[in-house]
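Chemist: In the working numbering, the protein residues as written are 10 to 246.
Cβ coordinates follow ideal geometry from the N, Cα and C atoms, glycine included.
Pasting a structure here, questions to come.
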Ligand code: SF4
């Protein structure tokens with residue numbers, strides 16, 4: 010497998026999944042063409058293709074991150090300590106999206122690192138995953154002062170960053186953490202009590218709204234409801 014993978018890379022066959030004969034040439038024996046075709050089919054099914062071309066994807070993602078880290082597109086650039094871009098696996102099947110960084114996140118430059126973050130980590134681990142397996146980010150990348158609600162112009166300015174993150178990662182499932190993230194991404198005013206637990210769609214990706222971990226810290230009895238939502242996600246992954 011290693012040998013054929015290197016050969017195929019050497020041949021610059023990126024994106025070659027059909028019309029093999031036309032690209033490689035009609036002189037190649039049929040059995041070799043079939044082997045290559047089977048290789049690409051297996052690669053496509055297993056997700057190895059993502060691995061093969063990961064360096065390019067990683068470079069693009071890092072370049073994009075660098076752009077966002079110096080973003081000045083809204084007033085929060087003046088009050089933030091750090092841009093909280095997001096963290097985790099850029100090829101994650103599951104992305105969690107929250108509202109905005111809080112105090113701890115602003116200091117550390119990482120999403121969900123306070124008490125709510127610890128609870129989110131426990132939820133992820135209960136799903137049989139690690140934080141490094143998923144991707145975690147927020148709608149806003151900079152903390153609103155005193156954790157006030159994000160303003161419409163801040164949401165509008167930052168929306169493109171999240172869209173690009175999702176486009177890069179291409180997850181199977183997005184989990185909206187809390188009322189704000191779920192309502193903004195689904196463009197609805199339906200209460201989170203009605204949204205949660207019901208599959209929705211965000212830009213063609215399955216979207217599960219659930220309660221925010223900070224809400225669960227105040228209302229631990231609702232942890233069971235969130236666990237029901239996570240079980241629905243686990244059925245998909
Ligand atoms: S909140 Fe978003 S749009 Fe505003 S400065 Fe930060 S990264 Fe830029």
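With a CB to CB cut of under 6 Å and the five nearest residues on each side skipped, what residues in its chain are close to residue 121?
Modeler: Walking along the chain shown from the start, residue 121 turns up at place 112. Excluding residues within five positions, the ones whose Cβ falls inside 6 Å are 129, 145.
Chemist: Does the ligand SF4 have even one heavy atom less than 6 Å from the beta-carbon of residue 166?
Modeler: Numbered from its first residue, the chain shown carries residue 166 at position 157. At least one heavy atom of the ligand SF4 is nearer than 6 Å to the Cβ of residue 166, so yes.
Chemist: Three-state secondary structure (DSSP) at residue 236?
Modeler: By 1-based counting over the chain shown, the position of residue 236 is 227. Helix.
Chemist: Is the Cβ-Cβ distance between residue 180 and residue 101 less than 7 Å?
Modeler: If you number the chain shown from 1, residue 180 lands on position 171. If you number the chain shown from 1, residue 101 lands on position 92. Against a cut-off of 7 Å, the Cβ pair of residue 101 and residue 180 comes out as a contact.
Chemist: CB residue 86 to CB residue 147, shorter than 7 Å?
Modeler: Here residue 86 refers to the residue found at position 77 when the chain shown is read from its first residue. Here residue 147 refers to the residue found at position 138 when the chain shown is read from its first residue. No, the Cβ-Cβ distance between residue 86 and residue 147 is not below 7 Å.
Chemist: Give me, in chain order, the residues of the same chain whose beta-carbon lies closer than 6 Å to that of residue 214; leave out the 5 immediate sequence neighbours on both sides.
Modeler: Locating residue 214 in the chain shown gives position 205, where the first residue counts as 1. Closer than 6 Å at Cβ, skipping near neighbours: 183.
Chemist: Report the option in 237, 177, 132, 107 whose CA atom is closest to the CA atom of residue 69.
Modeler: Here residue 69 refers to the residue found at position 60 when the chain shown is read from its first residue. It is 177 whose Cα lies nearest to the Cα of residue 69.
Chemist: Please report the Cβ distance between residue 113 and residue 123, rounded to the nearest whole angstrom; I am assuming they are in contact, meaning their Cβ atoms lie under 8 Å.
Modeler: Sequence index remark: in the chain shown, residue 113 carries index 104 (1-based). Sequence index remark: in the chain shown, residue 123 carries index 114 (1-based). Contact between residue 113 and residue 123 is confirmed by a C-beta separation of about 4 Å, below the 8 Å threshold.
Chemist: For the ligand SF4, is there a heavy atom less than 6 Å away from the beta-carbon of residue 85?
Modeler: Stepping through the chain shown from its first residue, residue 85 is reached at position 76. In this structure, residue 85 has its CB closer than 6 Å to one or more heavy atoms of the ligand SF4.
Chemist: Are there any heavy atoms of the ligand SF4 lying less than 6 Å away from the beta-carbon of residue 124, as far as the coordinates show?
Modeler: Start at 1 with the first residue of the chain shown, and residue 124 comes out as number 115. No, the beta carbon of residue 124 sits no closer than 6 Å to any heavy atom of the ligand SF4.
Chemist: Compare the Cα-Cα distances from residue 208 to each of 223, 170, 221, 191 and report the closest residue.
Modeler: Against the chain shown, residue 208 aligns to sequence position 199. That would be 191, whose Cα lies nearest to the Cα of residue 208.
Chemist: Use the C-beta contact count for residue 162: other C-beta atoms within 10 angstroms, 16 or more gives buried, fewer gives exposed.
Modeler: Walking along the chain shown from the start, residue 162 turns up at place 153. Burial call: exposed.
Chemist: Out of curiosity, what's the CA-to-CA distance linking residue 150 and residue 198?
Modeler: As a working note, residue 150 is residue 141 in the chain shown. As a working note, residue 198 is residue 189 in the chain shown. Roughly 22 Å between the two C-alpha positions.
Chemist: Please determine whether the Cβ atom of residue 150 lies at a distance below 6 Å from any heavy atom of the ligand SF4.
Modeler: Taking the first residue of the chain shown as 1, we reach residue 150 at position 141. Indeed, a heavy atom of the ligand SF4 lies less than 6 Å from the Cβ.
Chemist: Pop quiz: residue 107 and residue 187 are said to be a contact at Cβ under 8 Å. What is the actual Cβ separation, rounded to whole angstroms?
Modeler: Within the chain shown, residue 107 is the residue found at index 98, counting from 1. Within the chain shown, residue 187 is the residue found at index 178, counting from 1. Confirmed, Cβ separation roughly 6 Å.
Chemist: Taking contact to mean 3 or more Cβ pairs, one atom from each stretch, closer than 8 Å, check whether the region 227-238 and the region 82-98 are in contact.
Modeler: no
Chemist: With H, G and I counted as helix, E and B as strand and the rest as coil, what does DSSP make of residue 147?
Modeler: The count along the chain shown starts at 1 and reaches residue 147 at position 138. Reduced to three states, the DSSP call for residue 147 is strand.
Chemist: Measuring only the C-alpha atoms, how far is residue 167 from residue 194?
Modeler: Along the chain shown, one-based indexing puts residue 167 at 158. Along the chain shown, one-based indexing puts residue 194 at 185. Going by the C-alpha atoms only, they are around 12 Å apart.
Chemist: For residue 122, which three-state DSSP category applies?
Modeler: By 1-based counting over the chain shown, the position of residue 122 is 113. Looking at residue 122 - three-state DSSP - the assignment turns out to be coil, as it is neither helix nor strand.
Chemist: Examine the ligand SF4 and report whether any of its heavy atoms sits within less than 6 Å of the Cβ of residue 82.
Modeler: For this step, residue 82 is matched to residue 73 along the chain shown. Yes, the ligand SF4 has a heavy atom inside 6 Å of this Cβ.
Chemist: Give the DSSP-derived three-state secondary structure of residue 161 in the structure shown.
Modeler: For the purposes of this step, residue 161 is taken as the residue at position 152 of the chain shown. Three-state DSSP puts residue 161 in a helix.
Chemist: How many angstroms separate the CA atom of residue 243 from the CA atom of residue 136?
Modeler: Here residue 243 is taken as the residue at index 234 of the chain shown, counted from 1. Here residue 136 is taken as the residue at index 127 of the chain shown, counted from 1. Each residue's Cα considered, the two are about 7 Å apart.
Chemist: Excluding five sequence neighbours on each side, which residues of the same chain lie with their C-beta closer than 7 Å to the C-beta of residue 56?
Modeler: The count along the chain shown starts at 1 and reaches residue 56 at position 47. Residue placement at residue 56 cannot be trusted, given a pLDDT of 43 that sits under 50; what the coordinates show is reported in the next sentence. So no residue of the chain qualifies.
Chemist: Give the DSSP-derived three-state secondary structure of residue 182 in the structure shown.
Modeler: Position 173 of the chain shown holds residue 182. Of the three classes helix, strand and coil, the one that applies to residue 182 here is strand, per DSSP.
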